[in-house]
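Colleague:
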Amino acid sequence: MSDDLEVFRQEVLTELAGAADMRAWDAIRVGTLGKSGRLTTLLKALGKMAPDERKARGAALNRLRDELNRAVEERGKALEAAALEARLIAERVDVTLPPPVEVAGAIHPIARAVEEMTAIFGAMGFSVAEGPDIETDWHNFSALNTPDHHPARTDHDTFYLPPAPGLDVTRVLRTQTSGVQIRTMLGQKPPIRVICPGRTYRADHDATHSPMFHQCEGLVVGQGITLGHLKGCLIEFLRVFFDKPDLPVRFRSSYFPFTEPSMEVDIGWSRRTGEIGGGDDWLEVLGSGMVHPRVLANCGLDPREWQGFAFGMGVERLTMLKNGIPDLRSFYESDIRWLRHYGSDPLAPALLHEGV
Ligand code: DAH
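Numbering (the numbering used here), first residue to last: 325 to 680.
(1) Can you find a heavy atom of the ligand DAH that lies under 6 Å from the Cβ of residue 466?
(2) Is residue 482 near the ligand DAH, with its Cβ less than 6 Å from a heavy atom?
(3) Near residue 458, what residues of its chain come up, given a Cβ to Cβ distance below 8 Å and the 5 sequence neighbours on each side ignored?
(4) Can you give me the C-alpha to C-alpha distance between residue 452 and residue 473, rounded to a whole angstrom?
(5) Which of the three DSSP states is assigned to residue 521 in this structure?
(6) With DSSP run on the structure shown, which of helix, strand or coil describes residue 588?
(7) Rounding to the nearest angstrom, what Cα-Cα distance links residue 504 and residue 655 in this structure?
(8) Within 10 angstroms of the Cβ of residue 587, are there 16 or more other Cβ atoms? Answer buried if so, exposed if not.
(9) Between which two residues does the beta strand (DSSP E) containing residue 580 stretch?
(10) CB of residue 508 to nearest heavy atom of the ligand DAH: below 6 Å?
(11) With DSSP as the reference, label residue 495 as helix, strand or coil.
(12) Looking at the unbroken alpha helix (DSSP H) that takes in residue 332, where does it start and where does it end?
(13) Can you find the residues in the same chain that come closer than 8 Å, C-beta to C-beta, to residue 551, ignoring five residues on each side of it along the sequence?
(14) Rounded to whole angstroms, what's the CA-CA distance from residue 381 to residue 413? Just pull it up for me.
(15) Just checking residue 556 against the ligand DAH - is the residue's beta carbon closer than 6 Å to any of the ligand's heavy atoms?
(16) Using a threshold of 7 Å, state whether the C-beta atoms of residue 528 and residue 481 are closer than that.
(17) In this structure, does DSSP put residue 530 in helix, strand or coil?
(18) Taking the alpha carbon of residue 628 as the reference point, which residue from 674, 509 and 548 has its own alpha carbon closest?
(19) The beta strand (DSSP E) that contains residue 606, what's its start and end?
(20) Specify the secondary structure class of residue 665 as computed by DSSP and reduced to three states.
(21) Less than 7 Å between the C-beta atoms of residue 387 and residue 363, yes or no?
(22) Would you identify the three-state DSSP class for residue 382, choosing helix, strand or coil?
Shown next, in the form of structure tokens:
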């Protein structure tokens, strides 16, 4: 090989060895073997040479072209492999790490409140029972001792569903979670200790009412269950939920068709400052009572053998009080700023030892 070709060969091989990435490599490839690359130019120049000079030079150039082609290709493969390796290292994901904070969402305050209720009652031995949002009016009313012409039916502003062909029952969007009491007593033998959180519906809409809202029902059935158990259970729940160990709780007699006696439960607060547990005013937070003997009988339980207590609360109402949320409608507006403000950390579940 003539000296000039040897110099050229060394130059290209050194450049290739020094190419740090695919871009540098491609520049060398094009500059050498491309249409107007250095080697291509040398090959083109053969045409102007005398025949015997061309023969020797041509053979040398062809060998050089083969060698450089191979060298370029090999270096390209090596660089490609190195680039892939670097990417694999750079993009490695540790799936055990929490997501970066800026992409994390928040738990909606309603979901959070239900989680907290479940944690608190769970620690008292309750489990969670569920029922359908579309309920028969027997489960929603009749079995709960609310017969056809009972005024409580009209109080509820019920959404009635159109009759379903072939179905001989009246269906409603459940106006209360109390129907899950019936389903639970029909479905399992006492002793029973359940809470039933879920969506409920009434045709009502203003700053304190939404056509869809949430309730959490509670039911305990056993032998020797008394009003004392009901009071102890609800006082404990309210004090833990509001994180106020000395929260004043008052039981006031009331009426519900499915309990006897029935009681409204109030907590102490200040009308002036809104502070829970402070001041001399009372605020109603839930309904409760001893399960009516007729409701037990409707579910096949002998009221002389079994007793129980039940309660029901509005999840929105308790959440508004706990978090100082003024307008019920904001729960359902999906305003991301509101959700960021009132939402909770998805990676921090409701735990009792954190003082839920
Ligand atoms: N279902 C009642 C309502 O929607 C709340 C309620 C009151 C539930 C007393 C109960 C109870 O289980 O015992 O207003």
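Note that beta-carbon positions come from the ideal geometry of N, C-alpha and C, so glycine has one too.
Modeller: In brief:
(1) As a first step, residue 466 must be located in the sequence shown, where it is residue number 142. Outside the cutoff, so no.
(2) Residue 482 sits at position 158 when you count from the first residue of the sequence shown. Judged by the Cβ position, residue 482 fails to qualify as a neighbour of the ligand DAH at the 6 Å threshold, every heavy atom of the ligand being at least this far.
(3) Here residue 458 refers to the residue found at position 134 of the sequence shown. Excluding positions up to five away in sequence, the list reads 485, 495, 496, 497 and 498.
(4) Start at 1 with the first residue of the sequence shown, and residue 452 comes out as number 128. Start at 1 with the first residue of the sequence shown, and residue 473 comes out as number 149. Rounded to the nearest whole angstrom, the C-alpha separation of residue 452 and residue 473 is 32 Å.
(5) Along the sequence shown, read from residue 1 onward, the residue named residue 521 stands at position 197. Residue 521: strand per DSSP, three-state reduction.
(6) Taking the first residue of the sequence shown as position 1, residue 588 is located at position 264. The three-state reading of DSSP puts residue 588 in strand, counting E and B together.
(7) Taking the first residue of the sequence shown as 1, we reach residue 504 at position 180. Taking the first residue of the sequence shown as 1, we reach residue 655 at position 331. Cα-Cα distance, rounded: 24 Å.
(8) Numbered from 1 along the sequence shown, position 263 holds the residue referred to as residue 587. Residue 587 comes out buried.
(9) The sequence position of residue 580 within the sequence shown is 256, counting from 1. 573-580 is the span of the beta strand (DSSP E), which, as asked, contains residue 580.
(10) Taking the sequence shown and counting its residues from 1, the one referred to as residue 508 is at position 184. It does not: the Cβ of residue 508 is nowhere closer than 6 Å to a heavy atom of the ligand DAH.
(11) Counted from its first residue, the sequence shown places residue 495 at position 171. When DSSP states are grouped into helix, strand and coil, residue 495 belongs to the strand group.
(12) One-based indexing of the sequence shown puts residue 332 at position 8. Counting along the chain, the alpha helix (DSSP H) containing residue 332 begins and ends at 327-342.
(13) As a first step, residue 551 is located in the sequence shown; it is residue number 227 there, counting from the start. Short of 8 Å from the beta carbon of residue 551, and not among the five residues preceding or following it, lie these beta carbons of its own chain, in chain order: 585, 614 and 633.
(14) Taking the first residue of the sequence shown as 1, we reach residue 381 at position 57. Taking the first residue of the sequence shown as 1, we reach residue 413 at position 89. Taking the straight line from one Cα to the other gives about 48 Å.
(15) In the sequence shown, residue 556 corresponds to position 232, counting from 1. Taking the Cβ of residue 556 as the reference point, every heavy atom of the ligand DAH lies at 6 Å or farther away.
(16) On the sequence shown, residue 528 is found 204 positions in, with the first residue counted as 1. On the sequence shown, residue 481 is found 157 positions in, with the first residue counted as 1. Their beta carbons are under 7 Å apart, which means residue 528 touches residue 481 by this criterion.
(17) Locating residue 530 in the sequence shown gives position 206, counting from the first residue. Of the three classes helix, strand and coil, the one that applies to residue 530 here is strand, per DSSP.
(18) Against the sequence shown, residue 628 aligns to sequence position 304. Measuring from the Cα of residue 628, the nearest candidate turns out to be 548.
(19) Locating residue 606 in the sequence shown gives position 282, counting from the first residue. Going by DSSP, residue 606 is part of the beta strand (DSSP E) stretching over 605-615.
(20) Locating residue 665 in the sequence shown gives position 341, counting from the first residue. Correct three-state label for residue 665: helix.
(21) Indexing the sequence shown from 1 puts residue 387 at position 63. Indexing the sequence shown from 1 puts residue 363 at position 39. Residue 387 places its beta carbon 7 Å or farther from that of residue 363.
(22) As a working mapping, residue 382 is identified with position 58 in the sequence shown. In the three-state DSSP reduction, residue 382 falls in the helix class (H, G or I).
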